[in-house]
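3 is the number of the first residue of the sequence shown in my numbering; add one for each residue after it. Cβ coordinates follow ideal geometry from the N, Cα and C atoms, glycine included. In this text the structure is predicted, and so the values were computed from the model without any measurement. Only one structure is covered here, and it is reproduced in the block below.
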Amino acid sequence: MGATLVAAVLDRRHLVHVHVGDSRLYRLRRGVLTCLTRDHTVLQEQIDAGMIDASEAGTLSYRGLLTRGVGVAEEVVPDIGVHPLQAGDRFLLCSDGLTDMLVEAEIAGLLSGALEPEEAAQALVEAAIAHGGRDNVSVIIAWFAG
């Protein structure tokens, strides 16, 4: 068991993120949602190794078992990423309480349909809870105007 972390810093040209566990960072750019992090879970390792198909993931009881996280091992080894910014980029940092409840198409629709970041955050949390909300749902939204 352990805690997960995703954090980001925006400057005028880049978003820099640090990530460990299964909290995620997404970017919505020109209507296309892209996950910029890779889950640190046993399940993701098995998918990457071709041992199971991603379509089976929702049925497996161990899908949230972390391979990296805060408190999983004595040393925390996060992934770090740097992403160039473009005007209109929208970013979502979220816990698995959101991604366990909503598919990426739903997330993209709610992010792109919102007029303000606060509106997007509220809509995402409400949708996750409406879908059963078995875990805490945490979201942070950042929009880059350019």
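Asked                                                                                                                                                         : Found
Buried or exposed: Asp165, going by 16 or more other Cβ atoms within 10 Å of its Cβ?                                                                          : No answer is possible for residue 165: the residues shown for the chain start at 3 and end at 148.
Looking only at its own chain, which residues have a Cβ that is under 7 angstroms from the Cβ of Val79, when we skip the five neighbours before and after it? : Arg70
Do Leu95 and Ile131 have their C-beta atoms closer together than 7 angstroms?                                                                                 : no
In whole angstroms, give me the CA-to-CA distance for Phe93 and Asp24.                                                                                        : 16 angstroms
According to the Cβ coordinates, are Gly148 and Ala75 closer than 7 angstroms?                                                                                : no
Provide the residue(s) that pair with Thr36 in DSSP beta bridges, ordered along the chain.                                                                    : Arg29
Taking the alpha-carbon positions, what's the Ala144 to Pro119 distance?                                                                                      : 7 angstroms
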